[in-house]
Each structure stands twice: as C-alpha cells, then as structure tokens.
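Undergrad:
Residue numbers (this note's numbering), protein chains in the order written: chain A, 1 to 328; chain B, 1001 to 1119.
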C-alpha cells in the first residue's frame, strides 16, 4: 500500500513536462504562508508567478492584464501551525499592494474562514478592504458553509450567483467560471459539483468560440490528486468534458495548501498555496491536517521562495527559483 | 427549615449508601463479559473515526470527541442524528433507542465514515 501511495505521489510530482523540475525541485516550490499567485494573461495564455521582490523585472512579454489568486485564509484558525492567520493574510495583501503592475482583480479560492463564523468573515472583510485591487471574486470552501448551508457566505460573497454560489464573468476576452464543489457532499465521496451546476456549466460554455481562453476556479481540486484524502471532485470529469473544445483552459484550485500542477492536453491544472498554514504532501503524513513548521522556519519560508511560471510549448512549466538557498 | 435539613440528611445517606453499593458491585460489573457500560466513545483523530464501528446496547449514548486541529461533524447518512460542527476538543452525544446499524460520516470531509451498531 505504502509503495503504491508513493508511486502516486511521484507520478503527481515528477517532471511531467520534461522541464527539469523533478519532485525534489517541486517540493521546494511549496512556499506557503503569506503568499499568492499572480496570473498574467498574455496572448490568451495565463502565466503565473509567486510573489517575489523582483516582480516586474522578469516580465518578458507585455501582459494584457493580470490577476492574483489567493486561497485558504482560514480566518479564525489559531492552532500551532499558525497562531496568527490574519497576520499572514495581511502579508499577502501587502505584497499585492506592492506589485508594480496592479492586478485587475483578485480571486479567492475558498476557505475564507475556519468555522463560518460572522466574526471571522468580518475580520477577512476588514483585511481585504486594504487591498488595492478593485474587485475580488470568491468561491466557497467547505469551511465557509459549515453550519448554515452557506447562507452567510452567499449573503456576503455570493450576491447574484446561482445555486450554492456559482457564476461566470468575462474579462478582456477571457471567460472565467467560479464553481462550487463543497456543498452537499456525499458520505464516502470527494468534492462534488452536482447535477444542477453541471447542467448550468454546459449551458454557460455552450456557443462560446473555441478560441476563448477559459479559466475555471473552484475550492477543491477539479482533478484527482489523492483520493484517500478526498483531494479531488467526483464529477469533475463531466465538467471537464464541456471544456474540451477550447484551445486554452486553466483550472485554479485551493484546498490542499500546496502547489501541485498538471497539464493534460490543452488544460492546465494548478492548486494554490494557503495564506494560513501548509498541509503535507499527499500520503506523506497520517492525515491532511495542518503541518506544523518551526517558527524560525516559518519566517524563512515567508517570501523567500519564488515560483515562476513560463510558457513552455503548449503547457505551463514551473521553475523553482528561491531567493535564498541558505538553510538559516 | 428543620424539615429541609432532615431531607438533606436522608438524601446524603442515600447517596453514600448508593456509592458504597456501587463500589462493592463494581468488580462484578467488570467481570461481566457483555458490554454493560451505558455509553461508548468515538475519538476523531487524523481525519478518521476511531473505532470505525462501535457496538452498543439499546439505550446507550455514544459520544464523539474531535481531537484534530480541524473541525469535523458526525452526521447520520440516513438523517437519524446530526452533530453541530465540532471544533478541536468539542463533543457530540447521541442516545440510540432502537436496534439497528447507523452509518454516519463527516459532512465536511465525507471520506471520513463510521457506523454505530445497536443491539
């Protein structure tokens, strides 16, 4: 069993694109707290980089626009893995505000709160008021729909959305779709979109030109990363069948608090880091619970690992370039 | 006032006698091979219910305790019982009055499943 698990991890983390990034290199990319990803749309192809001090210097192409993805803020979490998640969210916000090229908007891929408490949502709102981006798009995580079927979430972040909070919008020629795969989960299963949402998605994409770049975002990964921990979505294959005709599809997820990437045909899958606490690599711990990092290591990890994404052929490639390679 | 004092004295005596009887009787209870405890404990550790199957007599109360750093729930698949969200160290109890098998899961992490067998 153990070997099988490790094989699976290696399969997920090995050099899928022959771009020189092996599992070891990939794991180094897992900088986590106080970070976010900057996505740049260039010629309809999204390119992402983690926040870095030298942002802007390495911008080869002139971007059409950029946006930032942040995820898993877990406001209200106060356990040893990170006793001050509001502070690390603030670091992420400061970094967004310090970007030389202002992002057009921010996408938050869920788990805004730890326990869906009004006070937690209040704290998040207060912090996000200070962000320079004009617009923030949300999708809920399972932590945001804990006790009230997501009513509180929908009131605050889901106005004008459909069902449990799904919607789509267009921005400068790119079609964005926010999906909810954390509601009405079934015993023994993983994430779920459900029939109603799938039907809506099919209709939403129907009739759009195949050359329209598509960005799907949802909390739980829309591809199976590790079923033992529920890191996948039971009916995602059907959702992905609707985007097959499109030339450029990017899928952005959170939930697993680490970067994992996969490219399959014209579809690039990517999971984001958390702004709150890291989680273990698939199968590397007894459970997916918060991973405790020594306090001094936490300080090193904050902002020292830079993840750059460059276009390599048809797929995205990840290049690990930490700002500091010293261990202390 | 005096009447109250008498009542208190009688009650105290009753409690003392009961305790003495219970203490005297406890080795016999322990020696019994049937589960005679009025309840059972399920611990939530590392995103799993332990033990995954608990067997209890009719009338028994099962108590779940979340020992993870992440909230969990314990919800009957057939709608028989439903816990509130249990944060770290929080508990939920349910008393089973009918024999049967009761599968349940964590609605937040549905890979977490368990069952209570009531005989």
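Ideal Cβ positions, reconstructed from N, Cα and C, are used throughout, including at glycine.
Every value quoted in this text rests on a predicted model; they were computed, and no experiment measured them.
If the criterion is Cβ atoms closer than 8 Å, does the pair residue 75 of chain A and residue 124 of chain A meet it?
TA: The answer is yes: Cβ separation under 8 Å.
Undergrad: If contact is defined by three or more beta carbon pairs under 8 Å, each pair taking one atom from either stretch, is the stretch 135–146 of chain A in contact with the stretch 158–175 of chain A?
TA: Cβ pair count under 8 Å is three or more, so yes.
Undergrad: Give, in chain order, every unbroken run of the beta strand (DSSP E) that is at least 3 residues long and sits entirely within the stretch 101–187 of chain A.
TA: Runs found: 105–108, 135–138, 167–171, 174–178.
Undergrad: Tell me which residue opens and which closes the beta strand (DSSP E) that residue 253 of chain A is part of.
TA: Segment 249–253, the beta strand (DSSP E) holding residue 253 of chain A.
Undergrad: How do the stretch 112–131 of chain A and the stretch 227–236 of chain A stand: do at least 3 beta-carbon pairs fall below 8 Å, yes or no?
TA: Touching, no.
Undergrad: Quick check on the DSSP output: the alpha helix (DSSP H) that includes residue 204 of chain A runs from which residue to which?
TA: Its alpha helix (DSSP H) spans residues 195–205.
Undergrad: Classify residue 1111 of chain B as buried or exposed, calling it buried when 16 or more other Cβ atoms lie within 10 Å of its own Cβ.
TA: It is buried - the Cβ of residue 1111 of chain B has at least 16 other Cβ atoms within 10 Å.
Undergrad: Can you list, in chain order, the residues of its chain whose CB lies under 8 Å from that of residue 1050 of chain B, leaving out five sequence neighbours each side?
TA: The residues are 1042, 1043, 1044.
Undergrad: With a CB to CB cut of under 7 Å and the five nearest residues on each side skipped, what residues in its chain are close to residue 290 of chain A?
TA: If we look at residue 290 of chain A and ignore the five residues flanking it on each side, its Cβ neighbours are 79, 81, 277, 279.
Undergrad: Work out the CA separation of residue 275 of chain A and residue 118 of chain A for me, nearest whole Å.
TA: Rounded to the nearest angstrom, the two C-alpha atoms are 20 Å apart.
Undergrad: If the criterion is Cβ atoms closer than 8 Å, does the pair residue 220 of chain A and residue 182 of chain A meet it?
TA: Against a cut-off of 8 Å, the Cβ pair of residue 182 of chain A and residue 220 of chain A comes out as a contact.
Undergrad: Determine the chain A residues that contact residue 1113 of chain B at a beta-carbon separation under 8 Å, and present them in chain order.
TA: What residue 1113 of chain B touches in chain A: 187, 188.
Undergrad: Can you name the residues of chain A whose CB is closer than 8 Å to the CB of residue 1084 of chain B?
TA: The contacting residues are 147.
Undergrad: Report all residues from its chain with a CB closer than 6 Å to the CB of residue 161 of chain A; omit the five preceding and five following residues, and keep chain order.
TA: Excluding sequence neighbours, residue 161 of chain A sits near 167.
Undergrad: Helix, strand or coil for residue 1066 of chain B, going by three-state DSSP, please let me know.
TA: Looking at residue 1066 of chain B - three-state DSSP - the assignment turns out to be strand.
Undergrad: From what residue to what residue does the beta strand (DSSP E) around residue 86 of chain A run?
TA: Where residue 86 of chain A is concerned, there is no enclosing beta strand (DSSP E), although the alpha helix (DSSP H) it sits in stretches over 85–97.
Undergrad: In this structure, how does DSSP classify residue 1040 of chain B when only helix, strand and coil are distinguished?
TA: Reduced to three states, the DSSP call for residue 1040 of chain B is strand.
Undergrad: Along the stretch 1069–1082 of chain B, where does the CB come closer than 9 Å to a CB of chain A? Name the residues.
TA: Within the stretch 1069–1082 of chain B, the residues whose Cβ lies closer than 9 Å to some Cβ of chain A are 1069, 1070, 1071, 1073, 1075, 1077, listed in chain order.
Undergrad: Using a beta-carbon distance cut-off of less than 8 Å, what residues from the stretch 178–210 of chain A approach chain B?
TA: If the cut-off is 8 Å between Cβ atoms, the stretch 178–210 of chain A has 185, 186, 187, 188, 189, 190 near chain B.
Undergrad: Out of curiosity, what's the CA-to-CA distance linking residue 99 of chain A and residue 106 of chain A?
TA: Straight-line Cα distance between these residues: approximately 13 Å.
Undergrad: How long is the line joining the alpha carbons of residue 287 of chain A and residue 159 of chain A, rounded to whole angstroms?
TA: Their backbone Cα atoms lie some 35 Å apart in a straight line.
Undergrad: Residue 1085 of chain B and residue 1071 of chain B: beta carbons closer than 8 Å?
TA: Cβ distance < 8 Å, so residue 1085 of chain B and residue 1071 of chain B count as in contact.
Undergrad: Determine the extent of the beta strand (DSSP E) in which residue 264 of chain A is found, giving its start and end residues.
TA: Where residue 264 of chain A is concerned, the enclosing beta strand (DSSP E) stretches over 261–264.
Undergrad: Determine the DSSP secondary structure at residue 238 of chain A, reduced to helix, strand or coil.
TA: Correct three-state label for residue 238 of chain A: helix.
Undergrad: Distance, Cα to Cα, residue 184 of chain A vs residue 1115 of chain B?
TA: In a straight line, the C-alpha of residue 184 of chain A is about 20 Å away from that of residue 1115 of chain B.
Undergrad: For the stretch 161–174 of chain A, list every residue whose C-beta sits within 8 Å of some C-beta in chain B, in sequence order.
TA: Under the 8 Å Cβ criterion, the stretch 161–174 of chain A contributes no residue.
Undergrad: Taking residue 214 of chain A as the reference, give the member of A:88, A:263, A:257, A:177 with the closest Cα.
TA: Residue A:177 is the option with its Cα nearest to residue 214 of chain A.
Undergrad: Ignore the nearest five residues each way along the sequence and tell me which others in residue 313 of chain A's own chain have a CB closer than 7 Å to its CB.
TA: With a pLDDT of 32 at residue 313 of chain A, under the threshold of 50, the predicted position of this residue should be treated as unreliable, though the coordinate-derived value follows. For residue 313 of chain A, where only same-chain residues beyond five positions count, there are no Cβ hits under 7 Å.
Undergrad: Is the beta carbon of residue 1061 of chain B less than 8 Å from the beta carbon of residue 1039 of chain B?
TA: Yes, these two residues count as a Cβ contact at 8 Å.
Undergrad: Measuring alpha carbon to alpha carbon, tell me which residue in B:1069, B:1075, B:1095 is nearest residue 1089 of chain B.
TA: If we check each option's Cα against that of residue 1089 of chain B, B:1069 comes out closest.
Undergrad: Would you mind working out which of A:109, A:134, A:144 sits nearest residue 120 of chain A, comparing C-alpha positions?
TA: Among A:109, A:134, A:144, the Cα nearest to that of residue 120 of chain A is on A:144.
Undergrad: I'd like to know if residue 1044 of chain B contacts chain A, where contact means its C-beta is closer than 8 Å to some C-beta of that chain.
TA: So, not an interface residue.
Undergrad: Can you list the residues of chain A that residue 1102 of chain B reaches, using a CB-CB cut of under 8 Å?
TA: Under the 8 Å cutoff, chain A gives no residues; its nearest Cβ is about 12 Å from residue 1102 of chain B.
Undergrad: So is residue 253 of chain A buried or exposed if we call it buried at 16+ other beta carbons inside 10 Å?
TA: Residue 253 of chain A comes out buried.
Undergrad: Identify, in the order they occur along the chain, each residue of the same chain with its Cβ nearer than 6 Å to the Cβ of residue 1103 of chain B, setting aside the five sequence neighbours on each side.
TA: Cβ neighbours of residue 1103 of chain B beyond the five flanking positions: 1077, 1115.
Undergrad: Suppose the cutoff is 7 Å on Cβ atoms and the five residues either side in sequence are ignored; what does the same chain contact list for residue 192 of chain A look like?
TA: Around residue 192 of chain A: 181, 184, 185, 186, 233, 234, 235.
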